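Okay, so here's the structure we're looking at.
Residue numbers (this note's numbering): 71 to 216.
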């Protein structure tokens, strides 16, 4: 595969520790070399993408997995800021959210989300969904070169 020679940088923006743990487990099962950085709220995601700090430098992910219902700054705000920035707009942003109303979905796509996935309600479906994301986005898609 094209991505076998390099590690894929993934930014997960998720405030639910259980969901973070599930995503980590599913990504570990994918067998693809990757670095996962976790932001636990929208403000932390913006800091990692735009500002960084001595403790946590700026992150330049190949893919962003973004929840919409976040504390401090919503996922929609994070998505808007990423897609409005000329250096970041090419990064695929995959919405993974329990929100799934027509308005939420359409708003995310209007803000240039690359994909919208509703969080499954059961453990097995959640793990399989993340594995499917991994298979498609990390093995089949040619990602922007950072």
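Even glycine gets a Cβ: it sits at the ideal position worked out from N, Cα and C. Remember, it's a predicted structure, so these values are computed and weren't measured experimentally.
Quick one, which of 127, 174 and 206 has its alpha-carbon nearest residue 109's? Ranking 127, 174 and 206 by Cα distance to residue 109 puts 127 first.
Checking 8 Å against the spacing of the C-beta atoms, do residue 134 and residue 90 come in under that value? no
At what residue ranges does the segment 86 to 134 contain a whole run of the alpha helix (DSSP H), taking only runs of 4 or more? 87 to 100 and 112 to 116
Tell me which residue opens and which closes the beta strand (DSSP E) that residue 188 is part of. Start and end: 185 to 188.
Quick test of your reading: residue 47 and residue 191, contact by CB under 8 Å. State the CB separation rounded to the nearest angstrom. Here the chain has residues from 71 to 216 only, and residue 47 is not among them.
Use the C-beta contact count for residue 251: other C-beta atoms within 10 angstroms, 16 or more gives buried, fewer gives exposed. Because the chain is modelled from 71 through 216, residue 251 falls outside the range shown and cannot be assessed.
Extent of the continuous alpha helix (DSSP H) to which residue 203 belongs: 193 to 203 is the span of the alpha helix (DSSP H), which, as asked, contains residue 203.
How many angstroms separate the CA atom of residue 99 from the CA atom of residue 105? 14 Å
Taking residue 152 as part of the alpha helix (DSSP H), name the residues at either end of that continuous run. Its alpha helix (DSSP H) spans residues 145 to 154.
Beta-carbon contacts of residue 188 that lie in its chain and below 6 Å, excluding the five residues immediately before and after: 170
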